[in-house]
Amino acid sequence: MSTKTQHPSVKEGEDQAFRLDGRHALVTGGASGIGEATVKELARAGAIVWIADINLANAEALARSVSSAKVLHLDVTSRESIAAAVARIGRLDILVNNAGIGHVGSIEATEPEDFDRLMNVNVRSVYLVTRGFLPLLLNAGTTSGVTGTIVNIGSVAGQVGIKQRFAYCTSKGAVLAMTRQLAVEYPKTLRVNAICPGTVETPFVEGYLEKFHKHNKEEVRTELRARQPIGRLGQPEEIASMVRYLASDEAAFITGSLFNIDGGWTAA
1172 MSTKTQHPSV
1182 KEGEDQAFRL
1192 DGRHALVTGG
1202 ASGIGEATVK
1212 ELARAGAIVW
1222 IADINLANAE
1232 ALARSVSSAK
1242 VLHLDVTSRE
1252 SIAAAVARIG
1262 RLDILVNNAG
1272 IGHVGSIEAT
1282 EPEDFDRLMN
1292 VNVRSVYLVT
1302 RGFLPLLLNA
1312 GTTSGVTGTI
1322 VNIGSVAGQV
1332 GIKQRFAYCT
1342 SKGAVLAMTR
1352 QLAVEYPKTL
1362 RVNAICPGTV
1372 ETPFVEGYLE
1382 KFHKHNKEEV
1392 RTELRARQPI
1402 GRLGQPEEIA
1412 SMVRYLASDE
1422 AAFITGSLFN
1432 IDGGWTAA
């Protein structure tokens, strides 16, 4: 039976599981899709959340609806932008590396500049952001008594081959490798895990459909649902709930793990 006492900010009768009261979190790509849902969920759990996004207008609009959220203009590919963000924040307990882009094409159709762009945004940025905020995360244990936590948003594309996703699969596989390496590099001072979503109903997916399948959007949407045995697309909130869990004390024994939330895709 739990011996935890109720935090003063938790109202009587409120769900006390997976609380993050007083912790400071940052979500890259936090202004839309999975990032937006994660910002809302972490704030609901009691965290102070930085919405870090290159789209400042969208981040500010979201912050107006989330009382404990703050806005941070962040270009995850820029060392200067990251350094400015680190200097501004001062404390960080939870980092969610969520920002990313997609690409459609086989190796033959993927031009070097396309490949470089995917690696820059999906891989190098995770390295740069994590490296930049690492001192704050490692210091979390001394300032708040809570081990610093990183949750990387990977993809099932990092675990299985998907046709016409050469660069994307490559980039997400690298994110999963980084997750495991960091977990063994800092086993007592940092917890690092990754979530591997299947296809989730987000502006990211809508943008893909609009760009590559404008003429047969609904047909392709049906195919996307069908490749996940559960028969539907995931919801951003379902990913956000796992982020909250992994950042909480209840997940204190979990590090270096990959969590599939894919409607059974990788089990089939």
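Numbering (the working numbering), first residue to last: 1172 to 1439.
Cβ atoms here follow ideal geometry from the backbone N, Cα and C, with glycine treated the same way.
Gly1201 versus Phe1304, Asp1192, Ala1228, residue with shortest Cα-Cα distance: Within the sequence shown, residue 1201 is the residue found at index 30, counting from 1. Answer by Cα proximity: Ala1228.
contact_flag[the region 1206-1214, the region 1267-1284] where n(CB pairs < 8 Å) is 3 or more: yes
State buried or exposed for His1195, treating a residue as buried only when at least 16 other CB atoms are found within 10 Å of its CB. For this step, residue 1195 is matched to residue 24 along the sequence shown. It counts as buried.
Completely contained beta strand (DSSP E) runs for the region 1355-1415, where each covers 3 or more residues: 1361-1368
Over what stretch of residues does the beta strand (DSSP E) that includes Asn1431 continue unbroken? The residue given as residue 1431 occupies position 260 in the sequence shown. Where Asn1431 is concerned, the enclosing beta strand (DSSP E) stretches over 1429-1432.
Would you call Asp1420 buried or exposed, if buried means 16 or more other Cβ atoms sit within 10 Å of its Cβ? On the sequence shown, position 249 is the one that residue 1420 refers to. Here Asp1420 is exposed. Its C-beta has fewer than 16 other C-beta atoms within 10 Å.
So, with DSSP's three-state summary, where would you put Val1322? Taking the first residue of the sequence shown as position 1, residue 1322 is located at position 151. Three-state result, Val1322: strand.
Report back the beta-carbon spacing between Leu1233 and Glu1207 to the nearest angstrom; my notes put them in contact at under 8 Å. Within the sequence shown, the letter at position 62 stands for residue 1233. Within the sequence shown, the letter at position 36 stands for residue 1207. At roughly 6 Å, the Cβ-Cβ gap stays under 8 Å, so Leu1233 and Glu1207 are in contact.
Runs of 3 residues minimum, wholly inside the region 1193-1237: which ones carry the beta strand (DSSP E) assignment? Secondary structure remark: continuous beta strand (DSSP E) runs of at least 3 residues inside the region 1193-1237, in chain order: 1195-1199, 1219-1224.
For Ala1240, which of helix, strand or coil comes out of DSSP? Here the question's residue 1240 lines up with position 69 in the sequence shown. Strand, per DSSP.
Give me the residue from Pro1407, Thr1209, Gly1217 with the minimum Cα distance to Phe1189. By 1-based counting over the sequence shown, the position of residue 1189 is 18. With distances taken between Cα atoms, Phe1189 lies closest to Gly1217.
With DSSP as the reference, label Arg1336 as helix, strand or coil. By 1-based counting over the sequence shown, the position of residue 1336 is 165. If DSSP states are grouped into helix, strand and coil, Arg1336 belongs with the strands.
My output table needs one value for Val1327: the three-state DSSP class, helix, strand or coil. For the purposes of this step, residue 1327 is taken as the residue at position 156 of the sequence shown. DSSP places Val1327 in helix when its eight states are reduced to three.
In DSSP terms, what Ile1265 is bridged to: The residue you call residue 1265 lines up with position 94 of the sequence shown. Partner(s): Ala1196, Thr1320.
Distance check for Pro1368 and Gly1332, CA to CA, integer angstroms please. The residue you call residue 1332 lines up with position 161 of the sequence shown. The residue you call residue 1368 lines up with position 197 of the sequence shown. Near 14 Å, if we compare the C-alpha coordinates of Pro1368 and Gly1332.
Go to Glu1279, then tell me how far its alpha helix (DSSP H) extends in each direction, as first and last residue. Counting from one through the sequence shown, the residue named residue 1279 turns up at place 108. Looking at the DSSP string, Glu1279 is not in any alpha helix (DSSP H), and its letter there is neither H nor E.
Output the boundary residues of the alpha helix (DSSP H) element that contains Ala1423. Here residue 1423 corresponds to residue number 252 of the sequence shown, with the count starting at 1. The continuous stretches of alpha helix (DSSP H) do not include Ala1423, and DSSP gives it neither H nor E.
Cβ neighbours of Thr1341 in the same chain (closer than 6 Å, five flanking residues each side left out): As a position in the sequence shown, residue 1341 is number 170, starting the count at 1. Around Thr1341: no qualifying Cβ.
Should Asp1433 be labelled buried (16 or more other beta-carbon atoms within 10 Å of its own) or exposed? Looking up residue 1433 in the sequence shown gives position 262. Buried, by the Cβ-count rule.
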